[in-house]
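Trainee: Numbering (my numbering), first residue to last: 22 to 240.
The beta-carbon is built from N, C-alpha and C at its ideal position, and this holds for glycine as well.
Sending over a structure as structure tokens; questions will come in a sec.
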């Protein structure tokens with residue numbers, strides 16, 4: 022017999038909340054960020070980062086020893102991600118349970134609180150740490166998979182977009198797919214491939230990449 026599909030969990034079925042035992046960034050969590058060449062105090066002030074202790078749960082999921090990363094949209098916190106700092110978890114990033122999200126994070130962009138109706142050049146990256154490294158022109162789609170709603174929000178905010186994913190084959194394939202989707206929507210989009218992860222760039226390398234993107238975007 023055909024197996025029934027798992028029922029879809031509706032967004033916002035339960036009230037939004039952070040995991041238990043969520044607190045300001047601890048020294049352990051700050052040290053993790055320093056090892057990755059980030060300034061923890063700056064990130065805490067700019068992005069509202071928090072941390073969890075040794076007894077953290079939400080909706081029966083384990084959130085121990087993680088950096089809690091609020092996700093904003095339209096001026097409000099709508100979701101979060103939580104990054105393991107122990108190096109022992111099989112799941113590096115754990116999302117807010119869908120039933121507790123005010124808005125599903127894979128419909129929006131990290132680093133852009135709302136569509137800017139602007140124009141200009143943006144850098145589309147995979148994850149939150151890439152945004153921290155590359156600064157205010159960067160935004161993330163939470164992985165290499167993207168949704169139609171995210172593509173629409175990109176279109177609303179930018180008319181030129183460089184897609185800078187990691188350099189593994191699947192990420193490159195998805196970056197090309199996103200470039201095609203954005204071009205179909207009238208955005209001048211192109212892929213830039215760098216070695217490794219954008220979050221691991223030095224400040225000088227990140228600044229050079231930003232200059233290259235702006236130069237290309239102005240051609």
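DSSP three-state call for residue 56: helix, strand or coil?
Mentor: The answer is helix: DSSP assigns residue 56 an H, G or I state.
Trainee: Are at least three pairs of beta-carbons, each pair with one atom in the stretch 106-126 and one in the stretch 197-216, less than 8 Å apart?
Mentor: The stretch 106-126 is not in contact with the stretch 197-216.
Trainee: List in chain order: all unbroken beta strand (DSSP E) runs of 3+ residues lying wholly within the stretch 85-172.
Mentor: The stretch 85-172 contains these whole beta strand (DSSP E) runs: 87-94, 97-105, 114-116, 142-146, 159-161.
Trainee: Return the Cβ separation of residue 172 and residue 132 in integer angstroms, given the expectation that the two are a contact with Cβ distance under 8 Å.
Mentor: Actually they do not touch by this definition, with Cβ atoms about 16 Å apart.
Trainee: Between the C-alpha atoms of residue 226 and residue 37, what's the straight-line distance to the nearest angstrom?
Mentor: Rounded to the nearest angstrom, the two C-alpha atoms are 38 Å apart.
Trainee: I'd like the list of long-range same chain contacts for residue 163, defined as Cβ closer than 6 Å, with 5 residues on each side in sequence excluded.
Mentor: The residues are 126, 127.
Trainee: For residue 176 and residue 145, I'd like the C-alpha separation in whole angstroms.
Mentor: Near 12 Å, if we compare the C-alpha coordinates of residue 145 and residue 176.
Trainee: Would residue 77 and residue 107 be called neighbours here (beta carbons separated by less than 8 Å)?
Mentor: In this structure, residue 107 does not lie closer than 8 Å to residue 77 by Cβ.
Trainee: Answer yes or no: do residue 142 and residue 234 have a C-beta to C-beta separation smaller than 8 Å?
Mentor: Closer than 8 Å, so yes.
Trainee: Considering only the beta carbon of each residue, do residue 79 and residue 40 sit closer than 8 Å?
Mentor: Cβ atoms of residue 79 and residue 40: closer than 8 Å.
Trainee: Ignore the nearest five residues each way along the sequence and tell me which others in residue 64's own chain have a CB closer than 7 Å to its CB.
Mentor: Cβ neighbours of residue 64 beyond the five flanking positions: 54, 70, 153.
Trainee: Out of 45, 180, 134, 201, which has the shortest C-alpha to C-alpha gap to residue 96?
Mentor: Closest option to residue 96, Cα to Cα, is 134.
Trainee: Hey, out of 59, 66, 57, whose CA is closest to residue 45's CA?
Mentor: Nearest of 59, 66, 57 to residue 45, Cα basis: 66.
Trainee: Could you tell me which residues DSSP pairs with residue 184 in its beta bridges?
Mentor: Residue 184 is bridged to 145, 212.
Trainee: Report back the beta-carbon spacing between residue 105 and residue 99 to the nearest angstrom; my notes put them in contact at under 8 Å.
Mentor: About 22 Å separates the two Cβ atoms, so there is no contact after all.
Trainee: Can you grab the Cα-Cα spacing for the pair residue 208 / residue 86, in whole Å?
Mentor: Answer to the nearest angstrom: the Cα atoms are 40 Å apart.
Trainee: What does residue 77 pair with, by DSSP beta-bridge criteria?
Mentor: Bridge partners of residue 77: none, in fact.
Trainee: Answer yes or no: do residue 150 and residue 82 have a C-beta to C-beta separation smaller than 8 Å?
Mentor: Cβ distance not < 8 Å, so residue 150 and residue 82 don't count as in contact.
Trainee: Around the Cβ of residue 73, are there at least 16 other Cβ atoms within 10 angstroms (buried) or fewer (exposed)?
Mentor: Residue 73 comes out buried.
Trainee: Thinking just about the alpha-carbon of each residue, which of 188, 202, 204, 52 is nearest to the one in residue 215?
Mentor: Among 188, 202, 204, 52, the Cα nearest to that of residue 215 is on 188.
Trainee: What's the call for residue 58, buried or exposed, on a 16-neighbour Cβ count within 10 Å?
Mentor: Burial call: exposed.
Trainee: Can you tell me which residues form a DSSP beta bridge with residue 189?
Mentor: Residue 189 is not bridged to any residue.
Trainee: Which term fits residue 61, buried or exposed, when burial requires 16 or more other beta carbons within 10 angstroms of its beta carbon?
Mentor: So residue 61 counts as buried.
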